[in-house]
């Protein structure tokens with residue numbers, strides 16, 4: 004195994020373990036201090052190592068987006084999982100049932116169609132399945148927009164054999180979330196239903212979660228690594244970024260640009276939302292460098308604002324726009340402290356989008 | 004193995020083999036008709052099966068972008084490879100030398116630094132390494148902008164033990180490419196250097212390559228599958244698109260949108276260039292559907308322009324914006340004919356960005 008980052012082939016995914024652990028500790032401390040259950044989302048790191056570490060630090064369980072991620076994490080010993088995704092289709096429902104026999108598993112629903120499938124899965128597997136009702140306070144993705152419709156689905160869950168109504172679920176925490184939750188909770192109370200869990204998520208607004216006291220559980224993923232988006236949104240400082248892509252300068256003709264060997268297949272094309280013009284990553288050590296154009300295997304860095312340019316063969320670290328998406332491109336990740344490589348781990352849940 | 008697409012878990016990567024083979028045949032026919040050597044780029048499909056098929060149909064050899072791709076293809080029996088990338092760094096140069104002992108391998112250079120490295124690699128491996136000089140006719144990525152500088156580098160290559168000047172390389176074919184090539188070729192002639200190969204590439208303009216008669220070799224990758232970008236640029240018809248992502252509707256609340264289980268981790272965030280507002284894919288069977296917002300594992304499809312909406316559990320095929328990037332997300336690909344699954348292949352060179 005390479006002992007130093009200089010020995011790694013590039014592009015390589017690096018995790019500064021001290022930064023990552025500091026980020027883990029801070030979020031757990033916040034949640035503990037505010038009596039919030041922390042349920043970290045593993046979609047960001049996709050690593051059993053960090054899932055287990057999050058649990059050891061006090062997390063109530065983990066969150067997985069897809070069944071494939073959950074299967075990897077159960078195999079790795081995680082025993083309390085919220086599958087934060089509407090599960091649809093017979094083969095997936097059989098997988099869900101099998102997982103529910105191996106761990107404490109809860110999931111979500113936003114329609115009768117999904118509830119009916121979950122009931123079938125629970126019956127087939129012979130399990131009682133906790134189901135949170137997915138509410139949408141304005142994001143416009145999944146989830147039920149009208150609180151009274153969410154209450155109606157909760158009633159349907161509660162009255163379905165094999166299913167147990169386990170609470171409310173929403174994402175992310177928006178300005179309208181508190182109103183939405185209060186209306187839904189009032190409706191549930193009128194129906195005689197308790198919501199043991201009220202789960203919300205998202206790293207950018209995580210540290211304001213206590214301002215919505217109805218929320219009992221926080222789901223966050225990106226916080227372990229952070230990324231350029233979090234920095235630009237003011238949700239993290241540059242020194243909180245634990246993830247970077249090590250890249251090599253392969254061409255440096257012009258006085259104003261260099262070409263790196265890390266393109267969209269190493270950084271992803273994800274943009275910082277609402278900032279489409281502002282580049283694809285931060286080049287550490289070169290403030291003002293703009294990763295202006297990405298091709299599949301090339302990044303063209305505009306260096307006009309930089310005092311000095313790296314040369315062919317030099318290596319730089321690039322903090323990507325979106326940690327979760329970048330991680331999903333790599334079969335392995337190097338855990339580093341400075342330039343020392345401490346370990347190289349397979350990204351066990353990479354590509355587990357199904 | 005699943006026999007029908009209905010049995011596949013989603014998101015799943017599908018290749019319509021008949022369309023892919025028709026695309027392969029057409030491009031080979033074009034090249035044969037115009038006496039152009041076809042050197043297909045495997046970065047798109049990343050599959051030994053199609054690389055071998057491209058060779059069997061008459062390709063002069065294949066193109067690989069990264070050493071890792073070339074290693075996979077040599078292992079699969081491909082024996083004539085152009086590595087269309089500036090190779091930098093001692094470990095990479097050793098890999099290059101090892102490859103050059105196993106197949107006919109040529110590569111490119113756009114600087115003395117790269118040439119010096121290649122010379123070291125050739126000496127270490129005890130091989131003669133053909134090197135094309137990388138010229139830039141206006142793209143602004145790698146390559147030498149001034150033809151006379153390219154000639155100077157060609158002279159350096161020609162006079163370096165272990166290296167052989169093999170010709171000129173450029174990407175893509177631009178309006179200025181012919182002028183650039185003529186000037187470079189005249190300069191080479193004055194230096195007494197022949198350019199046995201003049202290689203250019205890019206699917207969008209491929210069928211106009213004969214209009215630049217200086218070009219002797221065409222490198223194209225995307226043509227095997229095509230994608231939404233090719234269709235929007237007029238370089239392919241919808242029925243030429245061989246690649247799609249099979250996705251399932253998981254939520255369908257609103258009258259104007261549905262949510263698919265295929266997000267940026269299934270389609271990539273690559274946009275059609277210069278059309279940032281125009282979505283992330285074409286939903287087959289739903290003309291007017293706009294894949295307007297992508298999250299990691301969700302696509303929000305605006306269906307306002309559609310006569311009827313799919314329902315929860317329904318499956319749709321989405322033609323992605325960029326085939327090459329989408330393929331790189333999947334560990335396996337299903338070869339299909341209609342709804343029949345003919346085979347499922349590992350995407351052998353997936354993630355080989357180093």
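Residue numbers (this note's numbering), protein chains in the order written: chain A, 4 to 357; chain B, 4 to 357.
Just so you know, even glycine gets a beta-carbon here, dropped at the ideal spot from N, CA and C.
Predicted model only: the values in this text are computed from it and were never measured.
Item, Value
"Which first and last residues belong to the alpha helix (DSSP H) in which residue 190 (chain B) is found?", "180-193"
"Below 8 Å on the Cβ atoms is my contact criterion, and I expect residue 265 (chain A) with residue 248 (chain A) to pass it. Report the Cβ-Cβ distance as a whole number of Å.", "5 Å"
"Is there a C-beta anywhere in chain B that falls below 7 Å from the one on residue 334 (chain A)?", "yes"
"Three or more C-beta pairs under 8 Å: does that hold for the segment 169-181 of chain A against the segment 128-143 of chain A?", "yes"
"Might you give, ordered along the chain, the residues of its own chain that have their beta carbon closer than 6 Å to the beta carbon of residue 226 (chain B), omitting 5 neighbours on each side?", "26, 30, 206"
"Taking DSSP as the reference, what is the three-state secondary structure of residue 221 (chain A)?", "strand"
"So, for residue 35 (chain B): in the same chain, excluding its five sequence neighbours on each side, which residues have a beta-carbon less than 7 Å away from its beta-carbon?", "61"
"Using a cut-off of 7 Å between C-beta atoms, extract the partners of residue 92 (chain A) located in chain B.", "251, 316"
"Going by DSSP, what residues sit across from residue 110 (chain A) in a beta bridge?", "A:86, A:134"
"Return no unless some Cβ of chain A is closer than 7 Å to the Cβ of residue 107 (chain B).", "no"
"Taking Cβ positions only, does residue 328 (chain B) come closer than 7 Å to chain A?", "yes"
"For residue 223 (chain B) and residue 107 (chain A), what's the separation of their Cα atoms in angstroms?", "50 Å"
"Report the CB separation of residue 41 (chain B) from residue 112 (chain B) in whole angstroms; it is logged as a contact under 8 Å.", "Contact flag wrong, Cβ pair sits at about 23 Å."
"Closest by CA to residue 4 (chain A), which one among A:172, A:338, A:317?", "A:338"
"If we cut at 7 Å on Cβ distances, does residue 354 (chain A) have a partner in chain B?", "yes"
"In its own chain, which residues sit with a C-beta less than 6 Å from the C-beta of residue 267 (chain A), not counting the 5 before and 5 after it?", "297, 299"
"Under the three-state reduction of DSSP, which class applies to residue 210 (chain A): helix, strand or coil?", "helix"
"Taking just the CA atoms, how far does residue 354 (chain B) sit from residue 342 (chain A)?", "24 Å"
"Contact criterion: CB-CB distance below 7 Å. Does residue 262 (chain B) meet it with respect to chain A?", "yes"
"So, is residue 328 (chain A) buried or exposed, given that buried needs 16 or more other C-beta atoms within 10 angstroms?", "buried"
"Using Cβ-Cβ distances below 8 Å, what residues of the segment 21-50 of chain B are close to chain A?", "46"
"Could you give the residue range of the beta strand (DSSP E) that holds residue 340 (chain B)?", "335-340"
"Express the C-alpha separation of residue 159 (chain A) and residue 66 (chain A) in angstroms, rounding to a whole number.", "24 Å"
"Is it the case that the Cβ atoms of residue 96 (chain B) and residue 124 (chain B) are separated by a distance below 7 Å?", "yes"
"At the level of alpha carbons, what is the spacing between residue 147 (chain B) and residue 317 (chain B)?", "51 Å"
"Tell whether a beta-carbon distance below 7 Å holds between residue 201 (chain B) and residue 171 (chain B).", "yes"
"Just checking my contact of residue 309 (chain B) with residue 282 (chain B) at CB under 8 Å: how many whole Å lie between their CB atoms?", "Rounded, the Cβ-Cβ distance is 13 Å, inconsistent with contact."
"List the residues of chain A that residue 229 (chain B) touches, going by C-beta distances under 8 Å, in chain order.", "Those do not exist, as residue 229 (chain B) stays about 16 Å from chain A at its closest Cβ, beyond 8 Å."
"Applying the criterion that 16 or more other CB atoms from any shown protein chain within 10 Å of the CB defines a buried residue, is residue 153 (chain A) buried or exposed?", "buried"
"Quick one, which of A:231, A:294, A:211, A:93 has its alpha-carbon nearest residue 37 (chain A)'s?", "A:211"
"Got a sec? Which residues, its chain only, sit under 6 Å from residue 229 (chain A) by beta carbon, not counting five neighbours each side?", "239, 243, 244"
"Got a sec, what are the start and stop residues for the alpha helix (DSSP H) residue 150 (chain A) sits in?", "150-161"
"Check the Cβ of residue 301 (chain A) against every Cβ in chain B and list those closer than 8 Å, keeping chain order.", "144, 145"
"Which same chain residues end up closer than 6 Å to residue 218 (chain B) when comparing Cβ atoms and leaving out the 5 residues on each side of it in sequence?", "201, 203, 212"
"In the DSSP output, which residue or residues are listed as bridge partners for residue 44 (chain A)?", "A:66"
"For chain A, find out if any of its Cβ atoms is closer than 7 Å to the Cβ of residue 14 (chain B); answer yes or no.", "yes"
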